[in-house]
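Structure, as structure tokens:
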Amino acid sequence: MDVLLNVKYRNVDQQGRPQGFLASKATLSDLGFESKLGKIECSRFVRAEVRANRVILLVKNDAGVIEPKVIEVYKPKPAAFARAFNRIASDTRTLAHQAELEAQGRGSELRVRRCAACDGMVDLTDFPESHEMYCPFCDTVSNAAVPSKEQEKIRVCDRCGFFSMPRTITCFYFYFLLVVYGFSYQRKHMCSPCMRSEAWKMLAGNFLFLLGVPVALTQLGRAYFGGTALSGAYQGLEGANVVARKLQPENAAAKYAEIATRLGGSAIASFNAGVAFASAKKMAEAQRAFETSLRVCSNFEPGGNGLIAVMTEQKLDPRTSPLLAVFFKQVDAQQLPDSSEPIKLSNI
Numbered sequence: 038m039d040v041l042l043n044v045k046y047r048n049v050d051q052q053g054r055p056q057g058f059l060a061s062k063a064t065l066s067d068l069g070f071e072s073k074l075g076k077i078e079c080s081r082f083v084r085a086e087v088r089a090n091r092v093i094l095l096v097k098n099d100a101g102v103i104e105p106k107v108i109e110v111y112k113p114k115p116a117a118f119a120r121a122f123n124r125i126a127s128d129t130r131t132l133a134h135q136a137e138l139e140a141q142g143r144g145s146e147l148r149v150r151r152c153a154a155c156d157g158m159v160d161l162t163d164f165p166e167s168h169e170m171y172c173p174f175c176d177t178v179s180n181a182a183v184p185s186k187e188q189e190k191i192r193v194c195d196r197c198g199f200f201s202m203p204r205t206i207t208c209f210y211f212y213f214l215l216v217v218y219g220f221s222y223q224r225k226h227m228c229s230p231c232m233r234s235e236a237w238k239m240l241a242g243n244f245l246f247l248l249g250v251p252v253a254l255t256q257l258g259r260a261y262f263g264g265t266a267l268s269g270a271y272q273g274l275e276g277a278n279v280v281a282r283k284l285q286p287e288n289a290a291a292k293y294a295e296i297a298t299r300l301g302g303s304a305i306a307s308f309n310a311g312v313a314f315a316s317a318k319k320m321a322e323a324q325r326a327f328e329t330s331l332r333v334c335s336n337f338e339p340g341g342n343g344l345i346a347v348m349t350e351q352k353l354d355p356r357t358s359p360l361l362a363v364f365f366k367q368v369d370a371q372q373l374p375d376s377s378e379p380i381k382l383s384n385i
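At position 193 of the sequence shown the residue is numbered 230 (the working numbering), and the sequence of numbers has no breaks.
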């Protein structure tokens with residue numbers, strides 16, 4: 038067994054509270070994540086996602102259903118832990134797929150690329166060649182025209198659902214009512230326009246009781262003067278998102294088209310255009326935008342999810358779309374249990 042990391046962590050409950058007073062010790066290796074509390078075999082790893090000092094682990098249970106497990110990581114840094122977790126998850130999945138193809142006499146068909154952002158191994162077998170590559174382990178979209186450091190910053194905003202450059206905002210509310218007092222504390226990942234809206238809301242909510250005002254003012258200052266305006270390859274993306282949220286999809290789509298032209302095609306810009314049209318209930322236009330995102334980046338799961346949603350809304354069968362054929366092939370291979378929930382490609 039090769040131990041990659043010695044880990045100190047605490048489990049986090051459904052209310053977001055760390056459990057216990059002392060951190061538990063564990064090891065992350067090519068055999069899995071193991072501590073005194075139990076073991077998660079690497080064959081069950083799906084992916085890990087960082088939120089501040091916490092890591093969301095997506096793992097399969099005994100029935101093969103993907104479930105989230107949230108831990109607060111103290112050693113090593115959460116990003117280093119997630120990177121190692123995703124590398125093990127992707128390598129394990131790739132080796133299993135390679136063995137499957139070789140058993141069918143198709144070993145030479147395996148086509149993989151290592152993600153520069155997270156070290157995850159992206160399996161592109163069966164996907165058509167395309168201009169961009171999407172990493173399902175860290176959500177990075179690779180484009181030769183975009184510097185790697187910039188690619189790693191572009192993610193989906195928790196609040197508006199558009200690709201942008203979200204940052205962590207601390208949401209703090211304090212209240213005092215005669216003999217009753219309390220507070221709520223939460224961290225969210227938001228783009229700058231959403232941060233500004235949330236900070237003003239927090240300032241108004243804390244104004245009567247003063248204690249939460251300094252936190253609100255700090256977050257308001259970060260939202261306006263944080264120095265994180267999008268520039269370079271994705272310059273104009275946040276401005277287009279603001280127009281889209283005003284339900285002006287045609288104007289927003291024109292701005293997204295400028296970005297796509299500058300990059301030789303952009304799944305992110307096309308996806309945001311799809312979200313803009315879908316928000317305005319223009320499903321046919323949204324479908325075309327999501328289809329464009331998949332032509333630019335054939336394994337782009339967010340675009341696949343969007344296309345499924347708008348085709349379903351129009352009472353069309355998503356399985357008839359050639360752009361979704363590989364995704365559904367992978368979903369079917371998972372042999373997931375029956376569910377009343379619609380299929381989501383992120384569950385692959």
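Even for Gly, the Cβ is constructed at its ideal location relative to N, Cα and C. Being a predicted model, the structure only gives us computed values, none of them experimental.
Sort the options by Cα distance to residue i and report the nearest one.
{"i": "residue 277", "options": "230, 322, 318 and 301", "result": "230"}
{"i": "residue 318", "options": "293, 351, 228 and 43", "result": "351"}
{"i": "residue 157", "options": "362, 175 and 45", "result": "175"}
{"i": "residue 77", "options": "103, 341 and 88", "result": "103"}
{"i": "residue 109", "options": "88, 310 and 99", "result": "88"}
{"i": "residue 91", "options": "184, 53 and 98", "result": "53"}
{"i": "residue 112", "options": "227, 301, 324 and 41", "result": "41"}
{"i": "residue 298", "options": "60, 343, 273 and 75", "result": "273"}
{"i": "residue 301", "options": "136, 280, 271 and 348", "result": "271"}
{"i": "residue 316", "options": "296, 306, 139 and 347", "result": "347"}
{"i": "residue 183", "options": "234, 75 and 296", "result": "296"}
{"i": "residue 150", "options": "137, 179, 349 and 60", "result": "179"}
{"i": "residue 333", "options": "144, 181 and 60", "result": "181"}
Ignore the nearest five residues each way along the sequence and tell me which others in residue i's own chain have a CB closer than 7 Å to its CB.
{"i": "residue 82", "result": "96, 122, 125, 126 and 129"}
{"i": "residue 198", "result": "312"}
{"i": "residue 282", "result": "197"}
{"i": "residue 71", "result": "63 and 64"}
{"i": "residue 137", "result": "none"}
{"i": "residue 234", "result": "none"}
{"i": "residue 320", "result": "347, 350 and 351"}
{"i": "residue 284", "result": "316 and 317"}
Are residue i and residue j close, meaning C-beta to C-beta below 7 Å?
{"i": "residue 275", "j": "residue 330", "result": "no"}
{"i": "residue 286", "j": "residue 314", "result": "yes"}
{"i": "residue 45", "j": "residue 62", "result": "yes"}
{"i": "residue 304", "j": "residue 169", "result": "yes"}
{"i": "residue 269", "j": "residue 187", "result": "yes"}
{"i": "residue 98", "j": "residue 64", "result": "no"}
{"i": "residue 310", "j": "residue 291", "result": "no"}
{"i": "residue 120", "j": "residue 155", "result": "yes"}
Cutting at 8 Å between CB atoms, please list the residues of its own chain near residue i, excluding the five before and the five after it.
{"i": "residue 56", "result": "47, 48, 49 and 50"}
{"i": "residue 134", "result": "147, 160 and 162"}
{"i": "residue 363", "result": "163, 164, 335 and 336"}
{"i": "residue 366", "result": "163"}
{"i": "residue 308", "result": "200, 326, 327, 330, 337, 339, 340 and 343"}
{"i": "residue 144", "result": "135 and 138"}
Short of 6 Å in beta carbon distance, which residues of its chain neighbour residue i, apart from the five on each side in sequence? Order them along the chain.
{"i": "residue 94", "result": "85 and 106"}
{"i": "residue 280", "result": "288 and 289"}
{"i": "residue 306", "result": "293, 296 and 297"}
{"i": "residue 185", "result": "153"}
{"i": "residue 69", "result": "76, 77, 78 and 79"}
{"i": "residue 356", "result": "365"}
{"i": "residue 324", "result": "347"}
Write down the C-beta distance between residue i and residue j rounded to the nearest angstrom, noting that I regard them as a contact closer than 8 Å.
{"i": "residue 131", "j": "residue 152", "result": "At roughly 12 Å, the Cβ-Cβ gap does not stay under 8 Å, so residue 131 and residue 152 are not in contact."}
{"i": "residue 232", "j": "residue 195", "result": "Wrong, their Cβ atoms sit about 11 Å apart, outside the cutoff."}
{"i": "residue 328", "j": "residue 344", "result": "6 Å"}
Is the number of C-beta pairs between the segment 107 to 116 and the segment 161 to 173 that are closer than 8 Å three or more?
no
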